[in-house]
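For reference, the structure discussed in these notes is given below.
Have a look at this one:
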């Protein structure tokens, strides 16, 4: 079924050193870098689009469901959800796709919803200090994006990486309260 390429440990995955946090950096499109806290991620998997079962009467950013370890994994076009372009507009190789399995409440007693965030490519893990994430105050930023954005991180080379909040992404799912 899934060709899992990475799984993340639940043994204190956030803390690398006492003052840094780990973030998984990935690409939505060739020019859009994004990151999520590693503590909100279960694994990264490869899948084929034909393995997704479309569900009628869902928002356009819900691609459908996927059988993940015998559980339902809601597959989400992350770019479209957060108010950017659809993943379909940029993805050229459709034989194999990448999803980040998001489980934002895995360290709490709240019910779990697992989402597969479909992305262009996973880059690497970044260790940074929480204060390095700048608050997003740009009035020109897309208002839909703002609801999912914790801020941004400027890498020393000048690259800007958007820092998303996995809990807000999960809260956007229409079925999250079922």
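Residue numbers (my numbering): 85 to 262.
Beta carbons: idealized from backbone N, C-alpha and C, even for Gly.
Computed from a predicted structure; not experimentally measured.
Between the options, which lies nearest to residue i when the distance is taken from Cα to Cα?
| i | options | result |
| --- | --- | --- |
| residue 130 | 200, 209 and 251 | 200 |
| residue 257 | 237, 216, 144 and 213 | 144 |
| residue 136 | 208, 122 and 158 | 158 |
| residue 106 | 147, 202 and 209 | 209 |
| residue 227 | 104, 168 and 132 | 168 |
Alpha carbon to alpha carbon, how far is residue j from residue i? Give it in angstroms, no decimals.
| i | j | result |
| --- | --- | --- |
| residue 95 | residue 211 | With a pLDDT of 45 at residue 95, under the threshold of 50, the modelled position of that residue is not reliable, and no figure is offered here. |
| residue 232 | residue 241 | 25 Å |
| residue 141 | residue 179 | 26 Å |
| residue 202 | residue 134 | 14 Å |
| residue 122 | residue 197 | 16 Å |
Might you give, ordered along the chain, the residues of its own chain that have their beta carbon closer than 8 Å to the beta carbon of residue i, omitting 5 neighbours on each side?
| i | result |
| --- | --- |
| residue 204 | 110, 111, 112, 113, 114, 171, 174, 175 and 182 |
| residue 255 | none |
| residue 149 | 136, 137, 139, 156, 157, 158 and 159 |
For residue i and residue j, which I take to be in contact (beta-carbon distance under 8 Å), what is that distance rounded to the nearest angstrom?
| i | j | result |
| --- | --- | --- |
| residue 166 | residue 229 | 5 Å |
Cutting at 6 Å between CB atoms, please list the residues of its own chain near residue i, excluding the five before and the five after it.
| i | result |
| --- | --- |
| residue 188 | 124, 250, 251 and 254 |
| residue 164 | 145 and 170 |
| residue 147 | 136, 159 and 161 |
| residue 103 | 213 |
Beta-carbon within less than 7 Å of residue i's beta-carbon, same chain only, minus the 5 sequence neighbours each way: which residues are those?
| i | result |
| --- | --- |
| residue 235 | 217, 218, 219, 220 and 247 |
Query raised in the report: Is the number of C-beta pairs between the region 237-254 and the region 117-130 that are closer than 8 Å three or more?
Result: Flag = yes, the region 237-254 and the region 117-130 touch.
Report task. Answer yes if the region 154-173 comes into contact with the region 212-219, meaning at least three C-beta pairs across the two stretches below 8 Å, and no otherwise. Result -> Contact fails: fewer than three Cβ-Cβ distances are below 8 Å.
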